[in-house]
Each structure stands twice: as C-alpha cells, then as structure tokens.
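According to full-length UniProt numbering, the sequence shown holds residues 1 to 212 in order. Glycine residues also receive a C-beta, built at the ideal position from the N, C-alpha and C atoms. What you are looking at is a predicted structure, and each value in this text was computed from that prediction instead of being measured. Each remark here refers to the structure printed beneath this line.
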Amino acid sequence: MVTRLDPAARREQILAATLQLVARDGFARVTLRDVAAEVGVVHGLIRHYFPTREQLVAEAFDAAVLAELENDEEVAERVEPVEALADWLTSTPRDHYFVWIDAWSEAPRNPELHAALRRHHRDCERRLARIIERLDEAGLGTSADPASDARMLTALVDGMAVQHHAIGLVSREEADRVVFTAAEERLGLAPGTLEHSRPTAVRGQWAANPGA
C-alpha cells in the first residue's frame, strides 16, 4: 500500500530517489518507471509531478546542488577565511562528483539540465569569490581579481576531481595537494597553509555518505 504524502513531501521523495538513481546509474539510464519503482508508486504518479524525464532529472540535480550550496555557505560563515577556503577546495565525496560529471555529459541533450548546470557553476564561482574577498580583506592573502581567481580554482578543482573520481589517475591526497598548492601560490598564502586547515569534506545531499 502506498503511503499518502502531501504534495511537497512527495515531490521531495521523488527528487531524492531520482538523485540516488542518477548517482548509481547515471542520468542517461534513469527513466520515470525506474523512479516509480524506487519510490514504490505507480508510473502515473511520477508523471503527475514531473511530466518529462528531462524535467525530473534537472530538478533533482537542482535540488541537490542547492542543498550543497546552502551547507557550504553555512560552513563558510562559521569559520575563518583560510578554513573556509580549504573546505571549499577539499575533495568532495564520490557520489557528489559522479552526479556533476554525469551532468556535464548529459547537459548538451537536456536544455533544462543545461540551464541548471550553468546557473550553479556561476553560483559556485560567486561564493568562492566571496571567500577569496574575505581572505584579502582580512590581510591573510591577496587577490586583485577574486572572480577570476575563483574561476581558475573552480576549473582546477573540477579537473582534478575528474582525474580522481572518474579515471583514478590521482589519489584524493594528490588531488588536494595540487589544488591547495595552486591556490596558495595564486593567493599569496604560505605553503602548507590550506593543508593545515583541511576540514572534513561534507557536502549537502552527500553529508551522510562521504564515499571515497
């Protein structure tokens, strides 16, 4: 028997199930019927909330990234700029990056996901730029152009994540070392500053499942 839920709770349940399927199987393999089976409801109920597969996977990605960004912002506001920077740049859980990597691949064929992906990349860059601004304002580092520095570091983090999570070319420790060294050199921090401030990476939707 299907448990009755209010519409908001049902949407949240469907989105969470979709994200789990995406993390396990990838965007391309997820169907509305798969999600219905995962939730334990009839196929028509999924279509009632999300008429198309493209809309469903885009909204699932959107919800996951918003949860991640809210978590990151809370962490960043509680700690000093150096620790906030280390937290932002530290390798994130495997499920987190598998979803992002697969989203990059799927986006050219899914306009709704493409729009969400662009929006969240810009959001990530803006939030990292703010951390860099705080670092500069506190006299702990230097940045003539926080937005440019944030864009470069975001690209480096993403590239190292692909090398670590997708193809196993580097270890997590090596990925962090490359990113930390580049950030320290670019922002005028002493070598080892970020490593010594390294927190435990916990990101939104993936907080309870840190992975590798």
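Cβ neighbour criterion (16 or more within 10 Å) applied to residue i
{"i": "R4", "result": "exposed"}
{"i": "P7", "result": "exposed"}
{"i": "Q205", "result": "Legend: pLDDT at Q205 = 42, less than 50; position of this residue unreliable, no value from coordinates given."}
{"i": "R10", "result": "buried"}
{"i": "D95", "result": "buried"}
{"i": "H196", "result": "exposed"}
{"i": "A138", "result": "exposed"}
{"i": "M1", "result": "With a pLDDT of 47 at M1, under the threshold of 50, the predicted position of this residue should be treated as unreliable, and no value is reported."}
{"i": "P146", "result": "buried"}
{"i": "E68", "result": "buried"}
{"i": "T52", "result": "exposed"}
{"i": "I131", "result": "buried"}
{"i": "L32", "result": "buried"}
Residue of the options minimising C-alpha distance to residue i
{"i": "V57", "options": "L135, V82 and H114", "result": "H114"}
{"i": "F61", "options": "V39, R78, L21 and A76", "result": "L21"}
{"i": "V179", "options": "H96, A86 and V35", "result": "A86"}
{"i": "R78", "options": "I167, V39 and R134", "result": "R134"}
{"i": "L15", "options": "A64, D136 and T52", "result": "A64"}
{"i": "Q13", "options": "E112, G40, A76 and V30", "result": "G40"}
{"i": "L156", "options": "T181, L140 and A144", "result": "T181"}
{"i": "E70", "options": "H120, Q55 and L169", "result": "H120"}
{"i": "P111", "options": "T31, D158, Y97 and E59", "result": "E59"}
{"i": "A116", "options": "T18, G192 and L66", "result": "L66"}
{"i": "V190", "options": "V162, R172, L140 and S171", "result": "Going by the sequence as given, residue 190 is Ala instead of Val. It is L140 whose Cα lies nearest to the Cα of A190."}
{"i": "V99", "options": "A150, D158, Y49 and A129", "result": "D158"}
Cβ distance (whole Å) where residue i is taken to contact residue j below 8 Å
{"i": "T154", "j": "L187", "result": "About 14 Å separates the two Cβ atoms, so there is no contact after all."}
{"i": "I101", "j": "H165", "result": "7 Å"}
{"i": "A175", "j": "M152", "result": "Between M152 and A175 the Cβ distance is about 16 Å, and since that is not below 8 Å, they are no contact."}
Residue range of the unbroken alpha helix (DSSP H) whose run includes residue i
{"i": "P108", "result": "Taken as a continuous stretch (DSSP letters only), P108 belongs to no alpha helix (DSSP H), as it is neither H nor E."}
{"i": "D87", "result": "P81 to L89"}
{"i": "Q13", "result": "P7 to D25"}
{"i": "P146", "result": "P146 to A161"}
{"i": "I46", "result": "H43 to Y49"}
{"i": "L140", "result": "Looking at the DSSP string, L140 is not in any alpha helix (DSSP H), and its letter there is neither H nor E."}
{"i": "T181", "result": "R172 to L187"}
{"i": "R53", "result": "R53 to R78"}
If we count Cβ pairs, one from each stretch, closer than 8 Å, do we get three or more for the stretch 29-49 versus the stretch 72-91?
no
Counting Cβ pairs closer than 8 Å, one from the stretch 106-125 and one from the stretch 75-87, do we hit at least three?
no
Count the C-beta pairs between the stretch 22-42 and the stretch 99-113 that are closer than 8 Å, then say yes if the count reaches three, no if not.
yes
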